[in-house]
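Take the sequence shown: its letters are residues 0 to 434, numbered as in numbering that gives the first Met the number 0.
Glycine included, C-beta positions come from ideal geometry on N, C-alpha and C.
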Amino acid sequence: MTEAGDEMYRWARDLFPICRSITGPGIRQTLDYLRDLVPGLQCHAVASGTRAFDWTVPDEWTIRDAFIADETGRRVVDFHNNNLHVVSYSEPVDRWLDKAELEQHLYSLKDQPDAIPYVTSYYQRRWGFCLTHAQRQALAPGRYRAVVDSDLEPGVLNYSDLIIPGEQKEEILLSAYVCHPSMANNELSGPVVVAAVARWLLRKKQRRYTYRIVFIPETIGSLVYLSRNLDVMKKNTIAGFVPTCCGDDRAYAMIESRNGGTLADRASRHVLSRTAPGYNHYSFLRRGADERQYCSPGIDLPVVSILRSKHAEYPEYHTSLDDLSVISAAGLQGTHECLCRTIDLIEANRTYRVTVLGEPQLGKHGLRSTLGQKEFPKQTAMMMNVLAYCDGTRDLISLAERIDADALECAAVVERLFKAGLLVEVSENGRPQSQ
């Protein structure tokens, strides 16, 4: 097992017990943990009632205890046994009810009788409990005490971000949500992978681009963040990634940006096709995480979502079954490596033009043997193919796709040819870049 994968799994294990929601102590505790992992991460607070486009930051929710007790005082449903047992954002209540009335506040899954569902009510005041269907069926007739010891009052919404500067002001966005309670793949895989990638970026000696690292509550958090940073993000963002449900071993997948064809789409597609043949490619019509906000009309950032098993399409999704057994160190490591390769590709992606007419004499430049043989070595063949398509009209990704080669392997070949003076980098207008 890889060291990075083991490390990410440990982080997920530490964060798993925390009861997170879109506001409140749980999200602050999670952001504090991530700040210890990623030096320089800054936490921000936005007051309840703040407008973010068509949305408003809701009141802050704090939960201390919640239970259903029978007439003997025995807790038949207990928040402290599993924080999914309470509907997220339940308003405070302390009432005695008969079973029929209690049933109106209960949520379970008939087709998954041993799973506790994840249910929320952020924008309408109500209270409720989630339990396994087996627990629900076992409730005897009688009276029950329902208690939710919570506060739902004006407060703040918290998020964290970090700008990692590069040589250029153009930015690559990495965004993860931190608002779900104890679910491993749907919630924790995203932030621990983004934290690991951020640490990797901070260690890089050279960064061509600037990186924007964001940890937010889903939907309302991304809307708040965009409302505060939209101008600079629209101006500078060249690619963005939302890793989610990315810690299991079952599959690899991506959800393309709204219109497709962006640098993020192309780089992700190329890396996944090379490292995970048979990966699942979903259109934006299958969206489900914060790519919804980043790609929405008028915002139109070039953002894709990177996944393993797709949200809402694996059996444990949004239930208590999405526990630490669903993710693995190897699964987290695979997503981490995929993102790092995609970032490396974007960093290396340039457009080049050959500097000589006709086929260059590679032997003269020390790039191949001067002894003619029946077959070209593989490296020489790739070099010749790269030269054949370096005409100033294709970037590295397009070139690699044209010659059916790995773009990062092409990048190494391009580096040799560039140093030999056989290639020159060209700008978008087709002219050589100034040296």
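- Establish whether the CB of Phe78 and some CB of chain B are separated by less than 7 Å. Included in the structure is just one protein chain, with no chain B present.
- Item | Any 3 or more C-beta pairs closer than 8 Å across the region 108-120 and the region 33-51 | no
- DSSP on Met182, reduced to helix/strand/coil? Against the sequence shown, residue 182 aligns to sequence position 183. In this structure, Met182 counts as coil in the three-state DSSP scheme.
- Query: When burial is assigned at 16 or more other CB atoms within 10 Å of the CB, is Gly357 buried or exposed?
  - Reply: Residue numbering aside, residue 357 sits at position 358 when the sequence shown is read from its first letter. Classification for Gly357: exposed.
- Query: Where do the ends of the alpha helix (DSSP H) carrying Asp457 lie?
  - Reply: For the chain, the structure presents residues 0 to 434; residue 457 sits outside this window and is missing.
- For Val76, count neighbouring Cβ atoms within 10 angstroms of its own Cβ and tell me buried if that reaches 16, exposed if not. Translated into positions along the sequence shown, residue 76 becomes position 77. When all chains shown are included, Val76 counts as buried.
- With Ser149 and Arg63 assumed to form a contact (beta carbons below 8 Å), what rounded beta-carbon distance in angstroms separates them? Here the question's residue 149 lines up with position 150 in the sequence shown. Here the question's residue 63 lines up with position 64 in the sequence shown. Correct: roughly 7 Å between the Cβ atoms.
- Query: Starting from Arg349 and walking both ways along the alpha helix (DSSP H), at which residues does that stretch end?
  - Reply: Here residue 349 refers to the residue found at position 350 of the sequence shown. First-last for Arg349: undefined, no H or E at that position.
- Assuming Gln136 contacts Ser221 (C-beta within less than 8 Å), just tell me the rounded distance between them. The residue labelled residue 136 in the question sits at position 137 within the sequence shown. The residue labelled residue 221 in the question sits at position 222 within the sequence shown. Wrong, their Cβ atoms sit about 39 Å apart, outside the cutoff.
- Three-state secondary structure (DSSP) of Cys129: Walking along the sequence shown from the start, residue 129 turns up at place 130. When DSSP states are grouped into helix, strand and coil, Cys129 belongs to the strand group.
- Message: Taking contact to mean 3 or more Cβ pairs, one atom from each stretch, closer than 8 Å, check whether the region 159-172 and the region 203-214 are in contact.
- Response: yes
- Query: Nearest-angstrom Cα distance between Ser159 and Val423?
  - Reply: As a first step, residue 159 is located in the sequence shown; it is residue number 160 there, counting from the start. As a first step, residue 423 is located in the sequence shown; it is residue number 424 there, counting from the start. If I take the Cα positions, the gap works out to 41 Å.
- What number of angstroms, rounded off, separates the C-alpha of His280 from the C-alpha of Val56? Position 281 of the sequence shown, counted from the start, is the residue given in the question as residue 280. Position 57 of the sequence shown, counted from the start, is the residue given in the question as residue 56. Rounded to the nearest angstrom, the two C-alpha atoms are 33 Å apart.
- Message: Rounded to whole angstroms, what is the Cα-Cα separation between Gly429 and Ile237?
- Response: Within the sequence shown, numbered from 1, the residue matching residue 429 stands at position 430. Within the sequence shown, numbered from 1, the residue matching residue 237 stands at position 238. Any reading at Gly429 needs caution, since the residue's pLDDT is 48, under 50, leaving its predicted position unreliable; the model's value is listed next. Spanning the two alpha carbons is a distance of roughly 20 Å.
- Task: Taking Ala406 and Leu344 to be in contact with their CB atoms under 8 Å, please state how far apart those CB atoms are, rounded to whole angstroms.
- Result: Here residue 406 is taken as the residue at index 407 of the sequence shown, counted from 1. Here residue 344 is taken as the residue at index 345 of the sequence shown, counted from 1. Contact flag correct, Cβ pair sits at about 5 Å.
- Message: When you compare the region 316-333 with the region 253-269, are there three or more beta-carbon pairs, one atom per stretch, that lie closer than 8 Å?
- Response: no
- Would you say the region 175-184 touches the region 71-89, given that touching needs at least three Cβ pairs under 8 Å? Enough Cβ pairs lie closer than 8 Å, so yes.
- Item | Other residues of its chain near Cys129: CB distance less than 6 Å, five sequence neighbours each side excluded | Stepping through the sequence shown from its first residue, residue 129 is reached at position 130. Counting only Cβ-Cβ distances below 6 Å, and skipping sequence neighbours, we find Leu83, His84, Tyr106, Ile115, Pro116, Val118.
- Counterpart residues of Met253 in DSSP-defined beta bridges: The residue labelled residue 253 in the question sits at position 254 within the sequence shown. DSSP output for Met253 lists His280, Ile305 as bridge partner(s).
- Task: Output the residue ranges of the beta strand (DSSP E) runs that lie fully inside the region 70-108 and measure 3 residues or longer, sorted by chain position.
- Result: 74-77, 92-97
- Roughly how many angstroms separate the alpha carbons of Asp299 and Arg285, rounded to a whole number? Mapped onto the sequence shown, residue 299 falls at position 300. Mapped onto the sequence shown, residue 285 falls at position 286. Roughly 17 Å between the two C-alpha positions.
- Item | Buried or exposed (CB count within 10 angstroms, at least 16 for buried), Ala11 | The count along the sequence shown starts at 1 and reaches residue 11 at position 12. By the 10 Å Cβ count, Ala11 comes out buried.
- Query: DSSP three-state call for Ile219: helix, strand or coil?
  - Reply: By 1-based counting over the sequence shown, the position of residue 219 is 220. In this structure, Ile219 counts as helix in the three-state DSSP scheme.
- Message: Tell me the DSSP secondary structure of Cys294 in three-state form.
- Response: Position 295 of the sequence shown, counted from the start, is the residue given in the question as residue 294. Here Cys294 sits in coil by DSSP.
- Can you check whether the CB of Val45 is closer than 7 Å to the CB of Val223? To locate residue 223, count along the sequence shown from 1; it is residue 224. To locate residue 45, count along the sequence shown from 1; it is residue 46. Yes, Cβ-Cβ distance for Val223 and Val45 is below 7 Å.
- Assigned secondary structure, Gln448 (DSSP; H/G/I helix, E/B strand, else coil): Residue 448 lies beyond the stretch modelled for the chain, which goes from 0 to 434, so this question has no answer here.
- Message: Buried or exposed, going by whether 16 or more other CB atoms sit within 10 Å of the CB of Ile162?
- Response: As a working mapping, residue 162 is identified with position 163 in the sequence shown. Exposed, by the Cβ-count rule.
- Message: Which residue marks the beginning of the beta strand (DSSP E) containing Asp150, and which one marks its end?
- Response: If you number the sequence shown from 1, residue 150 lands on position 151. That run of the beta strand (DSSP E) goes 142-152.
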